[in-house]
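Undergrad: Those sequence lines, one after another, are chains F and D. The first sequence begins at 0 in numbering that gives the first Met the number 0 and counts up one residue at a time. The second sequence begins at 0 in numbering that gives the first Met the number 0 and counts up one residue at a time. By construction, the Cβ of each residue, glycine as well, lies at the ideal position given by its N, Cα and C atoms.
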Amino acid sequence: MKTLFFAWRYLWSRPLGAALNVLLLSLGLASITFLLLVGHQLTQAFERDLAGIDVVVGAKGSPMQLILSGVFHIDVPPGNVPLKAVRELEKHPLVASVIPISLGDNLRGFRIVGTSQAYIQHYQATLSAGRLWDAPLQVVLGATAARQLGLVVGNTFAGAHGLGAGGHTHGDSLYTVTGVLAPSGSVLDRLVLTDTASVWKVHEDFTAVDEEDRQVMEEEREITMVLVRYKTPMAAMSFPRYVNTSTDMQAAAPALEISRLLHMLGLGTDVLRAFAGVLLLTAGLSVFIALWSAVRERSGDLALLRMLGAPPAQVAALLLCEALWLGLLASLAGLLLGQACAAALAWLLQLDNSLLLGGMVWPPELLIVPVLALGVSVGAALLPAWGAFRVSVLSLLQSR
Amino acid sequence: MIRTCQLSYTYPGGPTLAFPDVEVAQGTVLLLSGPSGCGKSTWLSLAAALVAPTAGELVVADQSLGALKNIAADAWRARAIGFLPQKLHLSAALTVQQNLALAFWASGQPEDAARIDAALQALGVQHLARRTPAQLSGGQAQRVALARAVLLQPRVILADEPTASLDFEAAADAVRLLLDTARIQGATLVIATHDARVAALIPAKVDGQIGFQPLQLVRKQL
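Right, here's the structure in full:
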């Protein structure tokens, strides 16, 4: 304990150098913490929102766009598909269940999603207030959406056309809030959910000029996509091929698309990881220079410790403990800074009603941060510690 | 006590120095004098078990140092030797109190705050315990360094050029302080100096008990 105490005092006898070394190490460690946290939270968010969805069927186009728009609600969908075609799909022997998703409107940037109540059950979300819809133009708000929109059960509002804020308002068709969901940590938190029929009604009311026109529209009803669950995992072998070749729709496997997305993200994170590596290397070099200089400057003091009876290993341990302190302080600062950066990113994404990250999490992979910190700092101190180990007591007597 | 007999030391790849025989009783003073390069530092190194003699006998504080090596030498030095270097080497990062605590740490002994207080008090610098070395005058710093040297109640105190760069009055004070401290501790005091004034500053007899023995070293190579 006393060794740690004296090492602490020696370390902070050069406050500027010590602070600079802690800062340099912290920046590298914060970058790594940030990468680990975002990676962990992205994976968690993807796993959470993808759970139980085997395939997404929608309009032909980019499969990744289909997944991002239909599962994570962070992209625009490639188009709509006819309701009749979806009804046919429901009857397919390999399909266990489908959840319809209809997109097109928003409320101040929060997507209004026409769906069935199975969507809510799928994510095992529960109501915190009110009830689920039982008629068109009734909505249930996700927890984040309700909080940010400031709406409660009984409020009414008009949706706006488009998926981003600022579209034309459907002023004639007012939605009524019948329920608010408790936070589920899933994509539902930031959605405004209603019956699929609501979406049709709003747009048919808006565009139909007479009853005949309305009937035609009813016959040509569309939805944006369906989230499909297979009866058997074996369906993954044939069902997507069937959809892609035998219908005018496309089937996109979320697991495949997300692994493609993560791979693309991985290229970006590799650059950041390399940057963090350079920062750590620089920090290690800086720690080495600082401790090496300390050994040179304090060689007389270190020799005196030997004269007072300290064995060489004890003197070297003093140097290593200084490095240990640097590593510990930098670990702490790096972890906190990394958490702050991840929280800032989560806040920015939340402002954009985008992917839900956030919450201060401490995944086990963060253990690598203190290990790296101690590895770099103690590694950089090995040579100076060897210098301290070998310090000549005779120099004490010959320093004239 | 200190006793040497046909003591010599060969520098690695260098000359061999031979030292005159000496026998110093416990509680007395050995004045090691001579010009620069005559071997004073080497003699001190041998007496502190920092280097092993090439030949001859060397007994310090009842310990024959010929066979004493490494950890055993460190442990013996911590117990038996108090050292006052020419450059005091008080750590600027620590307070006076902590500089003394460092002696306990270095020797592997548990810290004893009461002994630190007592050592500082004995040298009249207890009120400086919380100051850093930068806040001390030269004389105060030397008292603190001496307190550190005698903290663990060594049987031998080695003082290396304790009067260097001091005017006559300060040099007299420094020598008096060393003699008084050694007498109170009952320690054998070795003063290595090239300062000719020091011999005149040490009384031949103190209280009829402590005398000093001069050992004039000349560069004698074998």
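Would you say D179 (chain D) lies against chain F (beta-carbon separation less than 9 Å)?
TA: Counted from its first residue, the second sequence places residue 179 (chain D) at position 180. Cβ-Cβ to chain F under 9 Å: no for D179 (chain D).
Undergrad: Look up M248 (chain F) in the DSSP assignment and say whether it is helix, strand or coil.
TA: The sequence position of residue 248 (chain F) within the first sequence is 249, counting from 1. Correct three-state label for M248 (chain F): strand.
Undergrad: In the DSSP assignment, find the unbroken alpha helix (DSSP H) run with F82 (chain D) in it and report its ends.
TA: For the purposes of this step, residue 82 (chain D) is taken as the residue at position 83 of the second sequence. Where F82 (chain D) is concerned, there is no enclosing alpha helix (DSSP H), although the beta strand (DSSP E) it sits in stretches over I80 to L83.
Undergrad: Using a beta-carbon distance below 9 Å, is S136 (chain D) in contact with chain F?
TA: Translated into positions along the second sequence, residue 136 (chain D) becomes position 137. Cβ-Cβ to chain F under 9 Å: no for S136 (chain D).
Undergrad: When the cut-off is 9 Å and only beta carbons count, does P202 (chain D) lie next to chain F?
TA: Mapped onto the second sequence, residue 202 (chain D) falls at position 203. By this cut-off, P202 (chain D) is not an interface position.
Undergrad: Spell out the partners DSSP gives T175 (chain F) in its beta bridges.
TA: Within the first sequence, residue 175 (chain F) is the residue found at index 176, counting from 1. For T175 (chain F), which the question treats as bridged, DSSP gives the partners F:Q137 and F:T155.
Undergrad: Go ahead and pull the three-state DSSP assignment for D400 (chain F).
TA: Since the first residue of chain F shown is 0 and the last is 399, residue 400 (chain F) is not available in this structure.
Undergrad: Counting only beta-carbon atoms, is P383 (chain F) nearer than 9 Å to chain D?
TA: Position 384 of the first sequence, counted from the start, is the residue given in the question as residue 383 (chain F). Answer no: the Cβ-Cβ gap between P383 (chain F) and chain D never drops below 9 Å.
Undergrad: From K219 (chain D) to L101 (chain D), what distance separates their C-alpha atoms?
TA: Locating residue 219 (chain D) in the second sequence gives position 220, where the first residue counts as 1. Locating residue 101 (chain D) in the second sequence gives position 102, where the first residue counts as 1. Since pLDDT at K219 (chain D) reaches only 45, below the 50 mark, its modelled position is unreliable, and the value read off the structure follows with that caveat. Their backbone Cα atoms lie some 38 Å apart in a straight line.
Undergrad: For P14 (chain F), does the three-state DSSP call read helix, strand or coil?
TA: As a first step, residue 14 (chain F) must be located in the first sequence, where it is residue number 15. Here P14 (chain F) sits in helix by DSSP.
Undergrad: I need the straight-line Cα distance from L221 (chain D) to Y10 (chain D), nearest angstrom please.
TA: As a first step, residue 221 (chain D) must be located in the second sequence, where it is residue number 222. As a first step, residue 10 (chain D) must be located in the second sequence, where it is residue number 11. Residue placement at L221 (chain D) is poorly supported in this model, since its pLDDT is 44, which falls under 50; the coordinates are not used for a value here.
Undergrad: If the cut-off is 8 Å on Cβ atoms, which residues from the region 0 to 23 of chain F count as contacting chain D, listed in chain order?
TA: Within the region 0 to 23 of chain F, the residues whose Cβ lies closer than 8 Å to some Cβ of chain D are K1, T2, F5, R8, Y9, W11 and S12, listed in chain order.
Undergrad: Give me the Cα-Cα distance between V56 (chain F) and A124 (chain F), rounded to the nearest whole angstrom.
TA: Locating residue 56 (chain F) in the first sequence gives position 57, counting from the first residue. Locating residue 124 (chain F) in the first sequence gives position 125, counting from the first residue. Looking at the two C-alpha atoms, the distance is approximately 23 Å.
Undergrad: Mapping the DSSP letters down to three states, classify D188 (chain F) as helix, strand or coil.
TA: Within the first sequence, the letter at position 189 stands for residue 188 (chain F). Here D188 (chain F) sits in helix by DSSP.
Undergrad: In this structure, does DSSP put S35 (chain D) in helix, strand or coil?
TA: For the purposes of this step, residue 35 (chain D) is taken as the residue at position 36 of the second sequence. In the structure shown, S35 (chain D) sits in coil (DSSP, three-state: anything other than H, G, I, E or B).
Undergrad: Are the C-beta of R305 (chain F) and some C-beta of chain D separated by less than 9 Å?
TA: Start at 1 with the first residue of the first sequence, and residue 305 (chain F) comes out as number 306. Answer yes: the Cβ-Cβ gap between R305 (chain F) and chain D drops below 9 Å somewhere.
Undergrad: Less than 9 Å between the beta carbons of S172 (chain F) and K200 (chain F), yes or no?
TA: Against the first sequence, residue 172 (chain F) aligns to sequence position 173. Against the first sequence, residue 200 (chain F) aligns to sequence position 201. Result yes, Cβ atoms of S172 (chain F) and K200 (chain F) sit closer than 9 Å.
Undergrad: Measuring only between beta-carbons, confirm whether P84 (chain D) sits less than 9 Å from chain F.
TA: Translated into positions along the second sequence, residue 84 (chain D) becomes position 85. It does; some Cβ of chain F falls within 9 Å.
Undergrad: What's the gap between the Cα of N20 (chain F) and the Cα of L325 (chain F)?
TA: Translated into positions along the first sequence, residue 20 (chain F) becomes position 21. Translated into positions along the first sequence, residue 325 (chain F) becomes position 326. One C-alpha to the other measures close to 7 Å.
Undergrad: Name the one or two DSSP bridge partners that G57 (chain F) has.
TA: Locating residue 57 (chain F) in the first sequence gives position 58, where the first residue counts as 1. In DSSP, G57 (chain F) forms a bridge with F:M224 and F:Q249.
Undergrad: Anyone know if the C-beta pair for L150 (chain D) and I115 (chain D) falls short of 9 Å?
TA: If you number the second sequence from 1, residue 150 (chain D) lands on position 151. If you number the second sequence from 1, residue 115 (chain D) lands on position 116. Result yes, Cβ atoms of L150 (chain D) and I115 (chain D) sit closer than 9 Å.
Undergrad: Please confirm if P363 (chain F) has its CB atom under 9 Å from at least one CB of chain D.
TA: One-based indexing of the first sequence puts residue 363 (chain F) at position 364. No, its Cβ sits nowhere closer than 9 Å to a Cβ of chain D.
Undergrad: Which word fits G36 (chain D), buried or exposed, when buried means at least 16 other C-beta atoms lie within 10 angstroms of its C-beta?
TA: Counted from its first residue, the second sequence places residue 36 (chain D) at position 37. Answer is exposed; the Cβ neighbour count stays below 16.
Undergrad: Give the secondary structure of P81 (chain F) by DSSP, where H, G and I count as helix, E and B as strand, and everything else as coil.
TA: Within the first sequence, the letter at position 82 stands for residue 81 (chain F). Strand.
Undergrad: Which value, in whole angstroms, describes the spacing of the CA atoms of T281 (chain F) and A329 (chain F)?
TA: Counted from its first residue, the first sequence places residue 281 (chain F) at position 282. Counted from its first residue, the first sequence places residue 329 (chain F) at position 330. So the two alpha carbons sit approximately 14 Å from each other.
Undergrad: Sort out for me which residues DSSP pairs N105 (chain F) with in a bridge.
TA: As a working mapping, residue 105 (chain F) is identified with position 106 in the first sequence. Its beta-bridge partners are F:R110 and F:A159.
Undergrad: Return no unless some Cβ of chain D is closer than 9 Å to the Cβ of D300 (chain F).
TA: Within the first sequence, residue 300 (chain F) is the residue found at index 301, counting from 1. Yes, its Cβ sits closer than 9 Å to a Cβ of chain D.
Undergrad: Which residues of the region 132 to 159 of chain D have a Cβ closer than 7 Å to any Cβ of chain F? Give them in chain order.
TA: From the region 132 to 159 of chain D, only D159 have a Cβ closer than 7 Å to chain F.
Undergrad: With burial defined as no fewer than 16 other Cβ atoms inside 10 Å of the residue's Cβ, what is the status of L154 (chain D): buried or exposed?
TA: On the second sequence, residue 154 (chain D) is found 155 positions in, with the first residue counted as 1. Sequence inspection shows Arg at residue 154 (chain D); the Leu mentioned does not correspond to that position. R154 (chain D) is buried by the Cβ-count criterion.
Undergrad: Counting only beta-carbon atoms, is D73 (chain D) nearer than 9 Å to chain F?
TA: The residue labelled residue 73 (chain D) in the question sits at position 74 within the second sequence. Yes, its Cβ sits closer than 9 Å to a Cβ of chain F.
Undergrad: Buried or exposed for L15 (chain F), going by 16 or more other Cβ atoms inside 10 Å?
TA: Within the first sequence, residue 15 (chain F) is the residue found at index 16, counting from 1. Result: exposed.
Undergrad: Identify the contact partners of T102 (chain D) in chain F, using a Cβ-Cβ distance below 7 Å as the criterion.
TA: Counting from 1 along the second sequence, the entry for residue 102 (chain D) is found at position 103. In the sequence as presented, Thr is not what sits at residue 102 (chain D); that position holds Ala. By Cβ distance, chain F contributes L307.
Undergrad: Going by DSSP in three states, T9 (chain D) sits in which element: helix, strand or coil?
TA: Taking the second sequence and counting its residues from 1, one reaches residue 9 (chain D) at position 10. Strand, per DSSP.
Undergrad: If we cut at 9 Å on Cβ distances, does G107 (chain D) have a partner in chain F?
TA: Mapped onto the second sequence, residue 107 (chain D) falls at position 108. Yes, its Cβ sits closer than 9 Å to a Cβ of chain F.
Undergrad: If you measure beta-carbon to beta-carbon, which residues of the region 161 to 177 of chain D are closer than 8 Å to chain F?
TA: For the region 161 to 177 of chain D, which is checked against every Cβ of chain F, not one residue is closer than 8 Å.
Undergrad: Give, in chain order, every residue of the region 367 to 383 of chain F whose Cβ lies closer than 9 Å to some Cβ of chain D.
TA: For the region 367 to 383 of chain F, which is checked against every Cβ of chain D, not one residue is closer than 9 Å.
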